[in-house]
Structure formats: structure tokens, C-alpha cells
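Chains as they are written, first to last, in the working numbering: chain A, 129 to 368; chain B, 129 to 368.
For glycine and all other residues, C-beta sits at the position ideal for the given N, C-alpha and C.
So, in C-alpha cells, the structure goes:
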């Protein structure tokens with residue numbers, strides 16, 4: 129592996145802890161409107177609709193729609209599935225809850241690691257989140273991205289090859305000069321198939337105490353790091 | 129005017145001094161290959177082909193092409209116009225010179241002003257420059273953008289309304305929550321027609337000592353500021 133020029137980060141699960149953040153912001157709304165719904169189970173159910181919604185776009189059955197839109201549709205569906213009435217909750221509350229994805233907290237090592245990595249590399253998200261979602265998240269959490277990239281800019285959802293290849297092209301870089309950083313083996317496999325370098329950073333608490341997937345590397349990734357600070361060490365970044 | 133949420137900046141001329149930067153990087157190449165060409169006159173001639181090249185895209189006579197591509201075509205044309213042979217200069221040298229647009233220096237107040245503005249607002253370029261150009265420029269010059277927006281992300285060149293309206297939509301904001309900051313009255317007029325707020329920051333040295341245009345505000349702009357630090361003052365940002 130030659131040294132990459134740009135590090136591209138998966139975000140949900142890799143940079144931020146979506147499950148705790150969604151449960152935190154949903155808890156007071158569920159307590160008032162659907163008290164039988166456990167906030168973490170609600171977060172899991174909302175997230176379970178994420179891949180099927182994007183698959184409609186990836187398969188060409190639906191024009192590209194940004195993730196805020198898919199999340200909003202899925203929110204109403206998951207509430208109805210649980211026997212709650214979205215209309216009784218109200219549009220303003222639903223809109224606010226939908227933006228909980230903009231208010232997720234980073235894992236404890238993420239900001240410190242990114243600051244070190246930014247001194248040597250271009251750093252950007254390559255997420256299925258839309259640009260405003262990722263921007264608002266970064267502004268709130270202090271994620272020091274050089275640019276906000278991902279599905280909305282590439283106009284394709286991961287793991288479609290276009291998501292990776294168009295991002296490299298927009299950066300003016302060969303795929304091999306880009307390294308995908310993710311906690312998900314599937315994302316890295318798709319990136320590697322497009323010629324990107326790969327770094328696996330496991331996040332064993334992403335799915336809560338019962339997590340069984342993505343606990344260990346499942347491919348020939350260029351780097352396996354315990355967290356973003358370890359990644360900075362392995363890529364030769366000076367200490368903070 | 130209500131307080132904006134996002135400040136969107138024109139870049140060439142407003143944030144960076146393109147004329148001096150292009151002349152600086154062109155000088156050694158011209159000295160070796162086309163010694164009759166004055167570096168500042170060369171910069172002016174290259175820039176003079178900028179609007180006509182984009183107009184091909186705006187008018188629909190050509191599919192969207194990023195500015196690096198248009199600059200590269202214009203570079204060969206301006207050299208040929210001056211009687212120089214691009215082939216004799218060589219592809220690697222031409223490619224390097226084309227990226228002089230990635231290496232422009234900011235006006236002296238720009239970084240300090242942007243740092244103050246970033247603490248209170250989302251700040252992003254809304255430039256006709258492509259994403260890699262703006263990103264490489266920011267990385268070199270320390271421009272602390274929250275995101276890199278502009279023609280490539282909006283898929284439309286200013287002053288087409290789509291360039292402004294799609295940028296606001298991508299940010300999840302109403303046009304009125306966005307303020308266009310520019311040294312060019314024409315850019316502000318187009319932004320205002322789309323409902324954006326406007327701030328004029330004159331750059332009387334943009335075109336060198338003979339500048340006659342854009343020396344004063346020519347419309348009912350919401351703010352007229354002498355530089356980016358004055359803009360931060362006028363928008364109520366705390367001192368550095």
C-alpha cells in the first residue's frame with residue numbers, strides 16, 4: 129500500500145454512535161406518545177428500515193432521494209408498526225425527531241483522531257447521509273472535515289461502485305489514493321473492489337450489548353486499527 | 129433582514145487574489161517558453177476566457193464540465209493566441225500550471241474573518257470552482273470551510289438560479305436563511321433574485337491597478353463591509 133492522499137469515512141456506526149443518540153432523542157417523545165416502545169428497540173427498528181429504503185434507489189425503482197427523506201418516511205412507518213399514530217405526534221415533533229440523525233455524538237476517540245489525521249490527509253465523510261445531515265452533525269460535534277462528501281454528492285448510495293468511484297473522481301484522485309475507513313466489512317469490500325485502500329476500525333458497541341456482526345476484520349484490509357487515534361498512529365501522524 | 133444561518137462565499141476575487149497567484153505560478157514557465165508574455169497579462173487573458181467557457185454550459189450547448197476541465201482547455205487556447213506552442217511546453221507542465229488555480233492565496237483578512245464567522249454561521253464557498261480545486265486551495269491556505277459547495281455540487285454555474293437555489297436546498301435552508309458574500313455586484317444581483325441575503329465586500333485590487341468595475345455597491349445589498357473582519361463585526365461575531 130502506498131500512502132493515501134484522502135481518508136474517506138463511513139459515519140453511522142464508524143464515527144458516531146447512532147443507536148444511543150436516536151434512543152436519547154426519541155425517549156421523551158416515546159414516553160409521551162408511545163410508552164410501550166423501548167427507545168433502543170425503536171432505534172433498532174428505525175435503522176432496520178435504512179437498507180431496504182436505499183435499496184429502492186440503488187435498484188433503480190425510485191429516483192435518488194436524500195437520506196433525510198428516507199428517514200422521515202421510515203419514521204412514520206416504524207411508529208405505525210408499533211401501533212402509534214404519527215398524526216397524533218404532529219409534524220413539528222416528527223421533523224425534530226427526524227433530525228436526531230443530525231445530532232448524533234461521536235465515539236470518544238473520533239474528534240481527537242480526526243484532528244491528527246487532518247494534519248496529514250484530506251479527511252471527508254463518504255456516508256449515505258445527506259449533506260445537511262453530515263454538516264449539522266459536524267458543526268455540533270466538532271468533526272473537522274475538509275469537505276462533506278457521500279451519497280448526495282456522488283448521487284449514488286453505497287455500496288454501489290459509483291458512490292466510491294465518483295467520490296475519488298470529484299477529489300481528482302485515483303481510487304488507490306483514497307482509503308475507506310469503516311466499521312463495516314461490507315463497506316470495505318465494496319470500496320476495495322473499486323480499488324480503494326481500506327482501514328477497518330471495529331465498533332463493537334454499535335448495535336448494543338448483543339452485537340454479533342463486524343466484530344473482527346473479514347477481509348484483507350490494509351489497516352486494522354482499534355480506534356481513530358490508533359489509525360493516526362498507524363498512518364504515521366505525529367502525536368497530538 | 130433576519131440573521132442568516134449560512135454564509136456562502138464567492139471565491140475567485142472575493143476570498144483569494146487570483147491575478148497575483150496565476151501570474152506568480154505562470155512567470156517561470158512563461159520566462160522559459162513564452163518570454164514575450166507578461167505574467168499579469170497572461171493571467172488576465174486566461175481569466176477572460178472563464179465566462180465564455182461557462183456560458184457554453186449555462187446555455188445548454190455543452191454538458192456540465194468541471195472548471196478544471198474548462199481552465200485546461202482555456203490554458204491551451206490562451207497560449208496559442210499568444211503564439212506559444214502548448215505541445216512544446218508539455219502535458220506535465222501544463223497540468224501543473226492548470227492547478228495554479230488550486231494554489232491561490234487569500235486576501236490578508238480572509239482567514240481571520242472566516243474563523244470568526246465560522247463560530248456563529250455555517251460557512252461554505254459557493255463558487256464556480258470545482259470541489260477538488262476549492263478543497264486543495266482551502267487545505268493549502270487554511271480556509272476553514274464547513275463544507276465545499278458550488279457549481280459542481282449544484283451542477284449549475286452561477287449566475288444560473290439553480291446554483292443558488294440548489295445550494296440552499298442541499299443545506300436544508302430557505303434561500304432567505306443564506307447570505308451570499310461576494311465582491312461582484314452581478315453575483316449578488318443573481319443571488320438576491322433567488323431570495324438570498326447579500327453582502328458586498330469590495331476587492332479593488334482584484335483586477336490590478338486599472339480596475340474600474342465592482343469598486344462600489346450597485347444594488348440594495350443587506351450589508352456592505354470593507355473586508356471579512358468588518359463583515360464579522362457587522363454580523364455580531366465576537367472579536368478573535
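| query | Could you give the uninterrupted runs of the alpha helix (DSSP H) lying entirely in the stretch 275–322 of chain B, keeping only those of 4 residues or more? | reply | 279–282, 289–298, 313–321
| Rounded separation between residue 220 of chain A and residue 368 of chain B - CA only | 37 angstroms
| What's the call for residue 191 of chain A, buried or exposed, on a 16-neighbour Cβ count within 10 Å? | exposed
| field | Cβ distance (whole Å) where residue 259 of chain B is taken to contact residue 298 of chain A below 8 angstroms | value | 5 angstroms
| field | CB of residue 264 of chain B within 8 angstroms of CB of residue 278 of chain B, strictly | value | no
| Of all the options B:362, B:319, B:339, B:354, which has the alpha carbon lying nearest to the alpha carbon of residue 347 of chain B? | B:319
| query | Are three or more beta carbon pairs between the stretch 212–229 of chain B and the stretch 160–167 of chain B nearer than 8 angstroms? | reply | yes
| said: Any contact between the stretch 336–351 of chain A and the stretch 131–150 of chain B? By contact I mean 3 or more CB pairs, one from each, below 8 angstroms. | reply: no
| field | Cβ distance (whole Å) where residue 296 of chain A is taken to contact residue 303 of chain A below 8 angstroms | value | 5 angstroms
| said: I'd like to know if residue 298 of chain A contacts chain B, where contact means its C-beta is closer than 8 angstroms to some C-beta of that chain. | reply: yes
| query | Going along chain B, which residues have a C-beta under 9 angstroms from residue 274 of chain A? | reply | 263, 266, 267, 273, 276
| message | Distance cutoff 8 angstroms, beta carbons only. Does residue 280 of chain B sit that close to anything in chain A? | response | yes
| field | Cβ-based neighbour list, residue 342 of chain B, same chain, cut-off 7 angstroms, excluding 5 preceding and 5 following | value | 311, 312, 313, 330
| Would residue 307 of chain B be called buried (16 or more neighbouring beta carbons within 10 Å of its own) or exposed? | buried
| Beta carbon of residue 359 of chain A nearer than 8 angstroms to that of residue 309 of chain A | yes
| What does residue 245 of chain A touch in chain B if you count any residue whose Cβ is under 8 angstroms from its own? | Here the premise fails: no neighbours, minimum Cβ distance about 13 angstroms.
| request: Ignore the nearest five residues each way along the sequence and tell me which others in residue 204 of chain B's own chain have a CB closer than 8 angstroms to its CB. | output: 214, 222
| message | Considering just the uninterrupted stretch of the alpha helix (DSSP H) at residue 185 of chain B, what are its terminal residues? | response | 178–186
| message | Tell me which residues share the same chain as residue 228 of chain A and place their Cβ nearer than 6 angstroms to its Cβ, disregarding the 5 neighbours each side in the sequence. | response | 150, 153
| query | Hey, does residue 259 of chain A have any beta-carbon neighbour from chain B nearer than 8 angstroms? | reply | yes
| query | How many angstroms separate the CA atom of residue 315 of chain A from the CA atom of residue 196 of chain B? | reply | 30 angstroms
| message | Is it buried or exposed, residue 326 of chain A, if we count other Cβ atoms within 10 angstroms and call 16 or more buried? | response | buried
| message | Mapping the DSSP letters down to three states, classify residue 234 of chain A as helix, strand or coil. | response | strand
| residue 250 of chain A: contacting residues in chain E (beta-carbon distance under 9 angstroms) | The structure shown contains no chain E; its protein chains are A and B.
| said: I need the boundaries of the alpha helix (DSSP H) containing residue 253 of chain A, first residue and last residue. | reply: Here residue 253 of chain A belongs to no alpha helix (DSSP H); instead the beta strand (DSSP E) covers 250–255.
| Just the Cα atoms here: how many angstroms apart are residue 129 of chain A and residue 356 of chain A? | 19 angstroms
| said: With H, G and I counted as helix, E and B as strand and the rest as coil, what does DSSP make of residue 137 of chain A? | reply: strand
| query | Would you say residue 201 of chain A and residue 181 of chain A are within 8 angstroms of each other, going by their C-beta atoms? | reply | yes
| task | Check each candidate in A:246, A:210, A:168 and name the one with the smallest Cα separation from residue 99 of chain A. | result | For chain A, the structure presents residues 129 to 368; residue 99 of chain A sits outside this window and is missing.
| said: Spatial neighbours of residue 270 of chain B within its chain, please: C-beta separation below 7 angstroms, excluding the five flanking residues on both sides. | reply: 239
| message | Can you look up residue 326 of chain B in the DSSP assignment and give me helix, strand or coil? | response | strand
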